[in-house]
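Going left to right, the sequence shown walks through residues -11 to 470 as our numbering numbers them.
Beta carbons are placed, not taken as given, at the ideal position from N, Cα and C, and that holds for glycine.
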Amino acid sequence: MERIIVIGAGLGGLETAYILSRMGYRVQLLESGAQIGGALQTYRRKGFLFDSGFHYVGGLDPQGSLYQLFRYFKLLNLPWRQLDVDAADVVSVGGRLFHIPQGHGRFTEELSYCFPNSRNEILKYSAMLQTVGDNIFNSLNTQSDLFGVSAYDWLCQEISDPLLRKVLSGTSLKMHLDANTTPLYVFAQINNSFIQSSWRLDGGGESLCNAFAQQLDSLGCKIKTNAHVTQITNDGERVTGVVVNASEHIEANIVVSDLHPSVTYSLIPETPVIHRITRSRVNRLRNSFGMFTVNCILKPRTIPYLNSNVYIYDDEADLWNYTPSEKPHSVLVNYYPGDFGYAHHLDLLTPMDFSEVEKWQDTKFGSRPDDYIQFKKDKAEALIQLVATQFPSFANAVDTYYTSTPLTYAHYTGIPKGSAFGVLKDWRSPITTLISPTTPLKGLFLTGQNLNLHGVLGVSMTSLLTVSAITGIQALRTEINI
Ligand SMILES: Cc1cc2nc3c(=O)[nH]c(=O)nc-3n(C[C@H](O)[C@H](O)[C@H](O)COP(=O)(O)OP(=O)(O)OC[C@H]3O[C@@H](n4cnc5c(N)ncnc54)[C@H](O)[C@@H]3O)c2cc1C
């Protein structure tokens, strides 16, 4: 039986290890951090649990994109909380609030009510999302043609009202929208799943990680934390194992890496099968922006709990062309359920490019200088003010807050420049930006958000691609029944 090492216990590593273990392979999972989960990690302050990355998922209803897979992963019985069906997302744009309901029927009715002259265009948009969504399992066999179509051009051609275009794009801080590069496939897959249905998870990423850890344990898959892989060894043709913490060699016939491809390749010593051109190509891949996060503890009974996510944009926000600026122009407010109808803590998230924190990259985590602390404070205060433009009482409601920048994310997940969503896909160049799970080194495979699509949905689909590259598509289909 093959001996498999999976490097990195982010969602991609956990899922790939789970499927392979269930298929009878002997799998060991190595995680460099003290906690598993990568961007699913959580932390506690003053008794409140905060998520660092993942906040909500789409498509967990029985017809949804993620349902079958999450049933297979035995995750459906976790304490999922469906967001408000009439307003899973609330978008504030152009000084107006728009509700984005769940279910394509409700979605088209609500938006047609707000934009009565655009009803046919809204129906066309919804139909397009559903067609792309239906295509999700087929793209395991063939790459979808929609990778070669521009999302921005599609919207400009099909949606004539610029405000409606903003509303349709306004729930998309969960991806890096780029007018020049974002493929329609990425935009539509993600938006479709959240319109199908949207869910928060009580206990956040920790609940997901605990569920995977228990199941992997019962399948005999060992998870080792504080196990930083420092080398992927090979005999010049095939992978032979990995070196952990620069000291221990673990043999394996198959290695799956959940790391960014440039990090994976940096772990492989010079070998003729990996050409310099391949290495430089992965190093040149463009990554998404990072995130600046403000985890807030609120004064008691000041802010009602909203069973929705709120996206606020000021008048200067350019949703399709993010450029770093001192003043944030967008914010996503994510609530955690409290009691008596109030939220006790919540998160504010806004894109942040690594260039904004680059000058502190050589300083040490935990003892960064005062000007970095001041930079974060100024940014956090500006973000709180941006929320207060929509909810004036918010300005005085925050008791304490904690901040993270792309430097924090890079520290905890090892992803280059703390990118939130990994490699940016480019519709003009799907061949170079869609990354295959196979590599020139026999027995070495890739998985995770950088390959195909990011987010919980994207990483889950990618874990299937990776396993099918190892076992063959037929064996996977028999196992998962899709
Ligand atoms: C702020 C933020 C908010 C988000 N919100 C959402 C959301 O609401 N919904 C959604 O669906 N998605 C969301 N996402 C995206 C989603 O969380 C990610 O796409 C997904 O979790 C990435 O998983 P991954 O396994 O590909 O990578 P990662 O989570 O980066 O996992 C990689 C793992 O490898 C480990 N590692 C790195 N180097 C080594 C090494 N040398 N040896 C051993 N281990 C190593 C890391 O410690 C990490 O655990 C968000 C992301 C961010 C950053």
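Worksheet item: When the Cα of T377 is compared with those of F42, G82 and A139, which residue comes out closest?
Response: G82
Item to complete: Please state whether DSSP places I461 in a helix, a strand or coil.
Response: helix
Fill in: Cβ pair A215, N241 closer than 8 Å
no
Item to complete: Could you spell out where the alpha helix (DSSP H) holding G1 opens and where it closes?
Response: L(-1) to R10
Item to complete: Confirm, please, whether the CB-CB distance from F135 to P316 is below 8 Å.
Response: no
Worksheet item: For K405 versus F342, is the C-beta distance shorter than 8 Å?
Response: yes
Worksheet item: Comparing alpha-carbon positions, which option in L151, T259, V137 and E236 lies nearest P104?
Response: L151
Practice prompt. Give the secondary structure of H216 by DSSP, where H, G and I count as helix, E and B as strand, and everything else as coil.
Written response: coil
Practice prompt. State yes or no: is the C-beta of I211 nearer than 7 Å to some heavy atom of ligand 1?
Written response: no
Item to complete: Below 6 Å CB to CB, which residues in the same chain sit around Y253 once its five sequence neighbours on both sides are set aside?
Response: R267 and V270
Discussion item. Do G436 and T450 count as a contact pair if the criterion is CB distance below 8 Å?
Written reply: yes
Fill in: Assigned exposure category for Y310 - 16 Cβ within 10 Å defines buried
buried
Worksheet entry | Which listed residue (T290, E19, S245 and R356) has its alpha carbon closest to that of T454 | S245
Worksheet item: How do the stretch 102 to 122 and the stretch 163 to 177 stand: do at least 3 beta-carbon pairs fall below 8 Å, yes or no?
Response: yes
Fill in: Straight-line Cα distance separating T393 from E3
27 Å
Worksheet entry | Host beta strand (DSSP E) of D77 (start-end) | D77 to V81
Discussion item. With three or more C-beta pairs closer than 8 Å as the rule, is the stretch 183 to 196 touching the stretch 45 to 52?
Written reply: yes
Discussion item. Cutting at 8 Å between CB atoms, please list the residues of its own chain near S148, excluding the five before and the five after it.
Written reply: S106 and E109
Discussion item. Considering only heavy atoms of ligand 1, does any lie closer than 7 Å to the CB of A215?
Written reply: yes
Practice prompt. Could you tell me if the beta carbon of D306 falls within a distance shorter than 7 Å of some heavy atom in ligand 1?
Written response: no
Fill in: DSSP beta-bridge partners of C284
L334 and Y389
Worksheet item: Hey, R289 and Y330 are a contact pair by Cβ (cut 8 Å); roughly how many whole angstroms apart?
Response: 5 Å
Worksheet item: Hey, which unbroken runs of the alpha helix (DSSP H) at 4 residues or more fall wholly within the stretch 39 to 125?
Response: 55 to 60, 92 to 102 and 107 to 122
Practice prompt. Could you work out which residue in S235, G224, N275 and I238 is closest to P260 when comparing CA atoms only?
Written response: G224
Discussion item. Taking the beta carbon of A408 as the centre, do at least 16 other beta carbons fall within 10 Å, making it buried, or is it exposed?
Written reply: buried
Discussion item. Given 7 Å as the limit, tell me if E344 has its C-beta closer than that to any heavy atom belonging to ligand 1.
Written reply: no
Worksheet item: Which term fits A471, buried or exposed, when burial requires 16 or more other beta carbons within 10 angstroms of its beta carbon?
Response: Because the chain is modelled from -11 through 470, residue 471 falls outside the range shown and cannot be assessed.
Worksheet item: Where does H399 fall in DSSP's three states?
Response: helix
Worksheet item: Quick one: what's got a C-beta closer than 8 Å to S424's C-beta in the same chain, skipping five residues either side?
Response: L434, L439 and A457
Discussion item. Distance check for I24 and D387, CA to CA, integer angstroms please.
Written reply: 30 Å
Practice prompt. Please determine if the stretch 31 to 49 and the stretch 187 to 197 are in contact, where contact requires at least 3 C-beta pairs separated by less than 8 Å.
Written response: yes
Worksheet item: Are the CB atoms of S296 and V155 nearer to each other than 8 Å?
Response: no
Item to complete: Starting from the C-beta of D303, find all residues in its chain whose C-beta is less than 7 Å away, skip the five residues before and the five after it, and write them out in chain order.
Response: none
Discussion item. Considering only heavy atoms of ligand 1, does any lie closer than 7 Å to the CB of Q437?
Written reply: yes
Worksheet item: Can you list, in chain order, the residues of its chain whose CB lies under 8 Å from that of I262, leaving out five sequence neighbours each side?
Response: Y253, I256, T427, P428 and L429
Discussion item. For a quick check, are the C-beta atoms of Y299 and L273 less than 8 Å apart?
Written reply: no
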